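Structure, as structure tokens:
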């Protein structure tokens, strides 16, 4: 150790400074190599999958692009905490998923001009199912907010004052975590989870209202998200709000594929809208973090900045550290899905709490910041091991690719909803397997049933001609084949 009281007569301070500069230079070189390694592995992988898939919204291409960004940015920020072993395993997992998704979608369709019938609501009664789902989801989100704050002996009237607004959310957050860690989930918290499941289902189904002719359609489509924002403000639980946004976006992309028979085009306006939505969600996320702390000052701003960075990017160093510990630890029995999918523990007979990372925190930077976010690959490794995990990711890719193909070529409502669920899993893959939560899994299953009841599993009519395939304009309620031109093409 070096005495910091002052420089020594022998120049020890200068030697210490030289060592620090040399160490920092070595760390910078190591960090640069980690970033270059990440780019060298994931950029070619992303390009190859994108070329084979044909579109960025293909599940394989989306997963590859997601993890190209999701490894490059953390490698630049948390360079010394990331490991090559973690990056290699993530790359193998991404390649396995992408290959599986391409297996069923790489071949071309025998009818390249295929434009099948757009599934429409079967009747006024059945199309109201989606509206009832939106109403139920919006109300359940608000009721969940009320139950959450009442469980902490807080009145709704406390939120009417600006001074109380800075104190009450902090009290609710502290009480909620204390109850969860000391006594587990209470009956009230289970009720809140069930209510949020209805709201999640509504957020997933909301974009499919674009297939209907109703008044105030956009308001209905955004209502479930609004209720989740209210839930986030009152309870400081940000994951629910982010879940709603991811579910809504996933449902929107799947709806466009179902409606148009192709993935949505990436335009400058679409990119701008997506960037604006990301900035808005980030701002709400940071504001709720301030509410959780209970103060708006310079010290709180520094804490929020650090926590948001760890929440958004700390998964890679956390997974790297966990992977190193796992290599040194004794092998445990495989979870066989208990760590990744809700309800599987009932079949395997294992305790679900043993696979939750709530209390497994690791340090991810020199400031001592900790996180318990380990990516989806942690659960896959716990459940199936290294080789088995790669196989499971390949099969998951096959399922996602099959849903993508069926939604686009056969206009299957069931496939569209399954595809939306796959997109949601991809968006959450840097955090964990989102279907480990029972309310999210229940929302996905309910979404499939609701969409089938409203639209049917697939259209009953196909509009084909000898020279081409009929086309249905959005908003038409019937399938009307169009006469081919002399060139054999269907007029637009």
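Residue numbers (our numbering): 139 to 630. For glycine and all other residues, C-beta sits at the position ideal for the given N, C-alpha and C. Since the structure is predicted, the reported quantities are computational estimates derived from the model, not experimental observations.
Cα-Cα separation between residue i and residue j, rounded to whole angstroms
i	j	result
residue 287	residue 425	19 Å
residue 584	residue 436	45 Å
residue 182	residue 229	11 Å
residue 462	residue 271	45 Å
residue 330	residue 283	8 Å
residue 547	residue 485	36 Å
residue 359	residue 223	43 Å
residue 517	residue 407	37 Å
residue 241	residue 186	14 Å
residue 339	residue 275	7 Å
residue 343	residue 504	43 Å
residue 433	residue 452	24 Å
residue 166	residue 281	Residue placement at residue 166 cannot be trusted, given a pLDDT of 43 that sits under 50; the coordinates are not used to answer.
residue 455	residue 570	14 Å
residue 83	residue 198	With the chain covering only 139 through 630, there is no way to say anything about residue 83.
residue 357	residue 171	49 Å
residue 226	residue 513	14 Å
residue 404	residue 388	15 Å
residue 589	residue 396	12 Å
residue 277	residue 337	8 Å
residue 477	residue 575	10 Å
residue 193	residue 372	40 Å
residue 352	residue 237	41 Å
residue 446	residue 475	30 Å
residue 178	residue 188	16 Å
residue 423	residue 234	33 Å
residue 470	residue 410	47 Å
residue 479	residue 390	24 Å
residue 562	residue 519	20 Å
residue 536	residue 566	19 Å
residue 355	residue 269	10 Å
residue 250	residue 586	In this prediction, residue 250 has a pLDDT of 40, which is less than 50 and means its spatial position is unreliable; what the coordinates show is noted afterwards. Residue 250 and residue 586: Cα-Cα distance of roughly 28 Å.
residue 464	residue 398	46 Å
residue 549	residue 347	16 Å
residue 386	residue 419	13 Å
residue 534	residue 564	11 Å
residue 639	residue 444	Given that the chain is displayed from residue 139 to residue 630, the structure contains no residue 639 and the question cannot be resolved.
residue 273	residue 421	27 Å
Sequence-distant residues of the same chain with beta carbon closer than 6 Å to residue i, five excluded per side
i	result
residue 98	Nothing about residue 98 can be read from this structure; the chain reaches only from 139 to 630.
residue 379	366, 367, 370
residue 191	198, 199
residue 173	213, 214
Presumed contact (8 Å Cβ cut-off) between residue i and residue j, rounded CB distance
i	j	result
residue 195	residue 401	4 Å
residue 362	residue 279	7 Å
residue 639	residue 458	The structure shown does not extend to residue 639, since the chain spans only 139 to 630, so no value can be given for it.
residue 231	residue 579	That belief does not hold up - the Cβ atoms of residue 231 and residue 579 are roughly 21 Å apart, past 8 Å.
residue 507	residue 448	5 Å
residue 393	residue 554	7 Å
residue 541	residue 557	4 Å
residue 538	residue 560	4 Å
residue 285	residue 374	Going by Cβ atoms, the distance from residue 285 to residue 374 rounds to 15 Å, so no, they are not a contact pair.
Counterpart residues of residue i in DSSP-defined beta bridges
i	result
residue 513	Partner(s): none; residue 513 has no beta bridge.
residue 484	Answer by DSSP bridge pairing: none, since residue 484 is not bridged.
residue 501	508
Residues near residue i by beta carbon distance below 8 Å, same chain, minus five either side
i	result
residue 431	308, 438, 441, 442
residue 247	At residue 247 the pLDDT is 47, less than 50, meaning the model places this residue with poor confidence; the figure from the coordinates comes in the next sentence. Cβ within range, chain order: 547.
residue 212	220, 451, 452, 453, 454, 455
residue 526	472
residue 577	331, 332, 334, 335, 338
residue 528	230, 231, 234
Cut-off 7 Å between Cβ atoms - residues of its own chain near residue i, not counting five sequence neighbours on either side
i	result
residue 205	180, 228, 232
residue 184	202, 203, 206
residue 176	209, 210, 213, 225
residue 490	476, 483
residue 267	588, 591, 592
residue 488	473, 476
residue 523	472
Taking the runs of the alpha helix (DSSP H) that are 4 residues or longer, which of them lie wholly in the region 434-484?
-> Unbroken alpha helix (DSSP H) stretches of 4 residues or longer found wholly inside the region 434-484: 436-451, 453-466, given in chain order.
Where are the alpha helix (DSSP H) runs, 4 residues long or more, that stay fully inside the region 335-409, in chain order?
-> The alpha helix (DSSP H) runs lying completely inside the region 335-409 and spanning 4 residues or more are 355-373, 376-398, given in chain order.
In chain order, each alpha helix (DSSP H) run of at least 4 residues that lies wholly inside the region 160-244 = Qualifying alpha helix (DSSP H) stretches, in chain order: 197-215, 222-241.
Which runs of the alpha helix (DSSP H) fall wholly inside the region 502-581 and span at least 4 residues, in chain order?
-> Contiguous alpha helix (DSSP H) elements confined to the region 502-581 occur at 514-547, 551-565, taking only those with 4 or more residues.
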